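Just so you know, the sequence shown maps onto residues 414 to 574 in this note's numbering.
Everything below concerns the one structure shown next.
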Amino acid sequence: MACHAAAGGSIMKMAMAPTETADMARLTLRLAQLQRQLDELRAEQTRLLPNQDEPEIWAQRGNAHVRLMPRDIEWVESERDYVHLHNGERAYLLRATLTALHDRLGPNLFMRVRRSAIVRVECVESIRDRGQGHVHVALKSGAEVRVGRTYLKTLRERLRP
């Protein structure tokens with residue numbers, strides 16, 4: 414009788430197996446859907462909320478020191494051991510190298526367009542060919558920044574839709 418009960422137990426397991434498999438498939442599918450929703454919500458939250466880790470930059474304007482956030486900076490140009498931070502309206506001075514500042518601001522937000530300049534990618538309105546090998550990026554503020562030949566291909570690839 415013990416053998417019969419044992420056999421009955423395995424028959425019961427076999428009868429439940431398709432149901433459990435279907436349940437597992439439904440659960441796995443639902444889990445994947447919820448994970449996608451969570452990823453979308455996190456992306457939306459990141460887009461809507463200001464970045465608390467965004468590095469503030471203290472730059473000089475005349476005799477005053479002014480706090481700038483990366484989102485306030487449109488483009489940056491270097492001059493020896495200093496950089497000029499432009500926000501469309503004004504320029505600010507900071508003692509730093511362009512490479513160090515670019516690393517600090519983030520290569521995802523800013524890109525180098527020539528050896529002595531970086532621009533915030535979202536501020537680029539268009540790429541303009543001025544002839545004779547001169548190419549400029551036009552920014553939202555109306556400013557134009559010359560593009561170096563070695564950076565042109567990377568710029569076009571990054572801005573390609």
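Note that beta-carbon positions come from the ideal geometry of N, C-alpha and C, so glycine has one too.
What you are looking at is a predicted structure, and each value in this text was computed from that prediction instead of being measured.
- Residue 482 and residue 442 have their C-alpha atoms some 42 Å from each other.
- Assignment of residue 473 by DSSP, reduced to helix, strand and coil, places it in the strand class.
- Counting the other Cβ atoms within 10 Å of the Cβ of residue 524 gives 16 or more, which makes it buried.
- Residue state for residue 541 is assigned as strand, using DSSP reduced to three classes.
- For residue 496, same chain residues with a beta-carbon under 6 Å away, outside a window of 5 residues either side, are 489, 507, 509, 511, 514 in chain order.
- Of the residues assessed, residue 451 falls on the exposed side of the cut-off, its CB having fewer than 16 other CB atoms within 10 angstroms.
- According to the DSSP assignment, residue 552 belongs to the beta strand (DSSP E) that extends over 548-552.
- The residue from 536, 529, 550 with its alpha-carbon nearest to that of residue 522 is 536.
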